[in-house]
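Engineer: Protein chains in written order, with the numbering used here: chain A, 1 to 88; chain B, 1001 to 1418. Once you've had a glance at the structure underneath, I'll fire off some questions.
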Ligand SMILES: Cc1cc2nc3c(=O)[nH]c(=O)nc-3n(C[C@H](O)[C@H](O)[C@H](O)COP(=O)(O)OP(=O)(O)OC[C@H]3O[C@@H](n4cnc5c(N)ncnc54)[C@H](O)[C@@H]3O)c2cc1C
Ligand SMILES: [Zn+2]
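Shown next as structure tokens:
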């Protein structure tokens, strides 16, 4: 069982959260020409690291806030959790 | 090579089974090979076998960082099926089903292929309609499919929850009678033994750590046992694909996730078929030893841990109890996990790459065991001829740029959503 520290509610068990995937993926800016490659990279291509991974989690059965987690994909160690607008 | 038969079994019994030949050699790596296959899982072993058998290319090495069969090929729940709706998947997996039918004889190794039928349960009229559509698509592609009503399902699995108050009432199901299971280890060992007999070097405890590429062309690999030259290199490393692709400057539409499975203690014959209960994220079959072999969803977050976490096991088994309440007293024997190479549309990638002589086989998600023979067959073709086979042409890497993605489940590029 992972214990994830929601930046708003504190440490809670994994069951309360939903995963939201790689947090480094950025949607190309709106209102300007987007190359196919940039769009495809955003939609489909991932770094998929073994080790430190920045990811989104949703405290779905809690405060329902989204936030960012830095976690090791091999050991599951959680290094840091921050609000969405903060840097990991 | 010693032929396995009832007679050879009896003969060897007289010498207490002390005189069997080794099933495959343990050679030192040569300086150079025509083809190196990275990864001694099912796909790597099958690829080497078909390279030798179909294309007469025998100066081949399989480099495996651990032991052959220690990866997903030895960790899966062995379900075989070709119950797909879209043509590219249907054609590919059905070609594979035909290879399964004859595999024990072809490999002179009992892979225990068991076409016991796979049933996908339906829990609403809408779902049954969707299954009717899928079944029709399958039949148009020459694949067996039978739509079952509630009573027909009840005859096959009378112990499932058919009561009035079940959360997901069983409306019927879609069955592929030729679907079933096979013995996973035997598949790895059978391919290994035949490939070895044709001259393929199976080199275990040999991790590939890098590549020698110059002017866009491969010339060899670096390994924990020294540099080895090669004209062509094929990647069959399943959940580790990204780690090697990184070294080739290839960014892929792949995420690595852990999938768990578990077995119960052995019990008397109860479940004749493979049953999937999608609504509860649970599927099950009974092994020849009598264990209930059960699985479900990914743990749900990127993972290279090769072991899972309790919440998903609990979730899967509570789903299992919802459909099979009589499983509640089964004792669990063991659980384990494997790292899946989840592609962003749920369909594999078997293709050439931007580097001359490097070939990619990945993206198997949770369904790559059944693909072992056909994946090996078409990947061997792709490597030998330096061009894709018609069956894997749609499984190209370009599709993520052209838009020709093959998303059977329609979940979009979020592999952790089951
Ligand atoms: C719990 C579970 C249940 C599953 N159930 C089913 C099912 O019912 N039906 C089905 O069809 N599929 C199923 N699958 C999926 C299936 O097992 C895989 O898709 C398939 O086995 C992957 O191909 P493989 O056999 O070649 O992989 P693997 O056996 O994982 O082979 C890859 C090999 O590459 C090696 N390797 C990695 N990196 C390196 C390196 N750098 N150098 C050298 N070697 C390296 C690894 O050690 C490994 O042995 C399941 C998987 C799991 C984990
Ligand atoms: Zn919270």
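Using N, Cα and C, we set each Cβ at its ideal position, and we do this for glycine too. None of the values given here were measured: they were computed from a predicted structure.
Should residue 1037 of chain B be flagged as near chain E, meaning a C-beta pair shorter than 9 Å?
Structural biologist: Of the chains in the structure shown, none is chain E; the protein chains are A and B.
Engineer: Could you give the DSSP three-state label for residue 1302 of chain B: helix, strand or coil?
Structural biologist: Looking up residue 1302 of chain B in the second chain gives position 302. Looking at residue 1302 of chain B - three-state DSSP - the assignment turns out to be strand.
Engineer: With a threshold of 9 Å between beta carbons, is residue 1072 of chain B in contact with chain A?
Structural biologist: Your numbering for residue 1072 of chain B matches position 72 in the second chain. Not closer than 9 Å to any Cβ of chain A, the Cβ of residue 1072 of chain B fails to qualify, so no.
Engineer: Contact between the stretch 1232-1245 of chain B and the stretch 1026-1039 of chain B is defined here as three or more beta-carbon pairs at a separation below 8 Å; is this criterion met?
Structural biologist: Contact between the stretch 1232-1245 of chain B and the stretch 1026-1039 of chain B is present, because at least three Cβ pairs lie under 8 Å.
Engineer: Sorted by chain position, which residues of the same chain lie with C-beta nearer than 7 Å to residue 1068 of chain B's C-beta, five sequence neighbours on each side aside?
Structural biologist: For this step, residue 1068 of chain B is matched to residue 68 along the second chain. Excluding sequence neighbours, residue 1068 of chain B sits near 1040, 1045, 1188, 1192, 1202, 1204.
Engineer: Since residue 53 of chain A meets chain B, which of its residues come closer than 8 Å, beta carbon to beta carbon?
Structural biologist: Looking up residue 53 of chain A in the first chain gives position 53. Here the neighbours are 1302.
Engineer: What residues in the stretch 34-65 of chain A have a beta carbon less than 9 Å from any beta carbon of chain B?
Structural biologist: Answer in chain order: 36, 37, 40, 41, 43, 44, 45, 46, 47, 48, 49, 50, 51, 53, 55, 57.
Engineer: For the structure I just gave you, are there three or more beta carbon pairs, one from the stretch 1336-1351 of chain B and one from the stretch 1394-1411 of chain B, closer than 8 Å?
Structural biologist: With the cut-off at 8 Å, the stretch 1336-1351 of chain B and the stretch 1394-1411 of chain B touch.
Engineer: Determine the extent of the beta strand (DSSP E) in which residue 76 of chain A is found, giving its start and end residues.
Structural biologist: For the purposes of this step, residue 76 of chain A is identified with residue 76 of the first chain, where counting begins at 1. Per DSSP, residue 76 of chain A belongs to no beta strand (DSSP E) and is neither H nor E.
Engineer: What is the residue span of the alpha helix (DSSP H) that residue 1291 of chain B lies within?
Structural biologist: Locating residue 1291 of chain B in the second chain gives position 291, where the first residue counts as 1. From DSSP, residue 1291 of chain B is part of no alpha helix (DSSP H); its letter is neither H nor E.
Engineer: Please confirm whether residue 1303 of chain B and residue 18 of chain A have their CB atoms less than 9 Å apart.
Structural biologist: Here the question's residue 1303 of chain B lines up with position 303 in the second chain. Here the question's residue 18 of chain A lines up with position 18 in the first chain. Going by C-beta atoms, residue 1303 of chain B is not nearer than 9 Å to residue 18 of chain A.
Engineer: Anything in the stretch 1361-1389 of chain B with a Cβ closer than 8 Å to a Cβ of chain A? List those residues in chain order, please.
Structural biologist: Taking 8 Å as the Cβ-Cβ cut-off against chain A, none of the residues of the stretch 1361-1389 of chain B qualify.
Engineer: Just verifying my parser: in three-state terms, what is the DSSP assignment at residue 23 of chain A?
Structural biologist: As a position in the first chain, residue 23 of chain A is number 23, starting the count at 1. Coil, per DSSP.
Engineer: Pull every residue with its beta-carbon under 5 Å away from any heavy atom of ligand 2, and keep them in chain order.
Structural biologist: Residues with a Cβ closer than 5 Å to any heavy atom of ligand 2, in chain order: A/6, A/8, A/9, A/59, A/62, A/63.
Engineer: Measuring only the C-alpha atoms, how far is residue 1253 of chain B from residue 1106 of chain B?
Structural biologist: Indexing the second chain from 1 puts residue 1253 of chain B at position 253. Indexing the second chain from 1 puts residue 1106 of chain B at position 106. When rounded, the distance between both Cα atoms is 35 Å.
Engineer: Cβ-heavy atom distance between residue 1049 of chain B and ligand 1 below 8 Å?
Structural biologist: Walking along the second chain from the start, residue 1049 of chain B turns up at place 49. For ligand 1, not one heavy atom lies less than 8 Å from the Cβ of residue 1049 of chain B.
Engineer: Quick one: give me the first and last residue of the beta strand (DSSP E) that residue 1149 of chain B is part of.
Structural biologist: The residue labelled residue 1149 of chain B in the question sits at position 149 within the second chain. It spans 1146-1149 - the beta strand (DSSP E) in which residue 1149 of chain B sits, taken as one unbroken run.
Engineer: With distances taken from CA atoms, which of B/1091, B/1047, B/1285 is nearest residue 1327 of chain B?
Structural biologist: Mapped onto the second chain, residue 1327 of chain B falls at position 327. For residue 1327 of chain B, the nearest C-alpha among the options comes from B/1285.
Engineer: Which bits of chain A does residue 1083 of chain B rub up against, with CB to CB less than 7 Å?
Structural biologist: The sequence position of residue 1083 of chain B within the second chain is 83, counting from 1. The premise fails here: residue 1083 of chain B is roughly 26 Å from chain A at the closest Cβ pair, so nothing lies under 7 Å.
Engineer: Residues in its own chain within less than 6 Å of residue 1417 of chain B by CB, not counting five upstream and five downstream?
Structural biologist: Translated into the one-based positions of the second chain, residue 1417 of chain B becomes position 417. Result list for residue 1417 of chain B: 1411, in chain order.
Engineer: Starting from residue 1176 of chain B and walking both ways along the beta strand (DSSP E), at which residues does that stretch end?
Structural biologist: Here residue 1176 of chain B refers to the residue found at position 176 of the second chain. Element bounds for residue 1176 of chain B: 1172-1176.
Engineer: Would residue 1335 of chain B and residue 1258 of chain B be called neighbours here (beta carbons separated by less than 9 Å)?
Structural biologist: As a first step, residue 1335 of chain B is located in the second chain; it is residue number 335 there, counting from the start. As a first step, residue 1258 of chain B is located in the second chain; it is residue number 258 there, counting from the start. Not in contact: residue 1335 of chain B and residue 1258 of chain B (Cβ atoms no closer than 9 Å).
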